[in-house]
Structure formats: C-alpha cells, structure tokens
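Numbering of the sequence shown is given in this note's numbering, commencing with residue 22 and proceeding in unit increments.
Backbone N, C-alpha and C define an ideal beta-carbon position, used for all residues, glycine too.
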Amino acid sequence: MEKEKIEPLSNEDLIKLLKDSITWLYIFAIIFTIFGVLITFVPPKNEQDTQNGLKYIMAAILIGTSFVFVVVAHRQKQKIKEKTSKPE
C-alpha cells in the first residue's frame, strides 16, 4: 500500500482558514447571544422555576460564552494583522 504524500498548506491557505474560523466564532457568538436573551423571556412553568432562577443562569452562561468567542476572535484577528503586515 502506497502512502499518499500530503502537501503542506501555504501561508495564504492558513490565513484563509483562520479568517474562516474567526467568522464562525462571530456567528456562534451572535447565535448564543440571541438564545441567551430569548431564554429570559420564557415564562416560568411553576413557582419553583421562578425561585430557582435557572433560566437566568443559562442565559448568563450563553452570553458569557459568546463574549469569550468575540474576545478570542478579536485576538486572532489582531495576530493575523501583525503577521501579515509588512515591516518597513
């Protein structure tokens, strides 16, 4: 059996993949934020749900996760700018 030779990706291909992943991070951040906000509008089923506050905890987790996604995407974008900028 012959092994396939895998060609390494060029820098342009790696940068394109990174930019695509940054875009997906932003998309998931928007989706998580929307779900986090929508969860807070769901009416409680019974008195126990109101006292529990579980939906607010879930909303905070979703919105916090989206915040982390935005921070990571922004840092990656800054790194790409630093790597691709031409030193004069």
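Where residue i falls: helix, strand or coil (DSSP)
i: Glu103; result: helix
i: Asn73; result: helix
i: Glu28; result: coil
i: Glu68; result: helix
Limits of the alpha helix (DSSP H) - the one that residue i falls within
i: Ser42; result: 32 to 61
Contact belief for residue i with residue j at Cβ below 8 Å, rounded distance in angstroms
i: Ile36; j: Ile101; result: 6 Å
i: Leu6; j: Gln97; result: Not covered by the structure: residue 6. The range shown for the chain is 22 to 109.
Quick one: any contact between the stretch 92 to 104 and the stretch 39 to 47, if contact means 3 or more CB pairs under 8 Å? Touching, yes, given that three or more Cβ pairs across the two stretches are closer than 8 Å.
For the 8 Å Cβ check, are there 3 or more pairs between the stretch 48 to 65 and the stretch 74 to 89? Taking 8 Å as the limit for Cβ pairs, the verdict is that the stretch 74 to 89 does touch the stretch 48 to 65.
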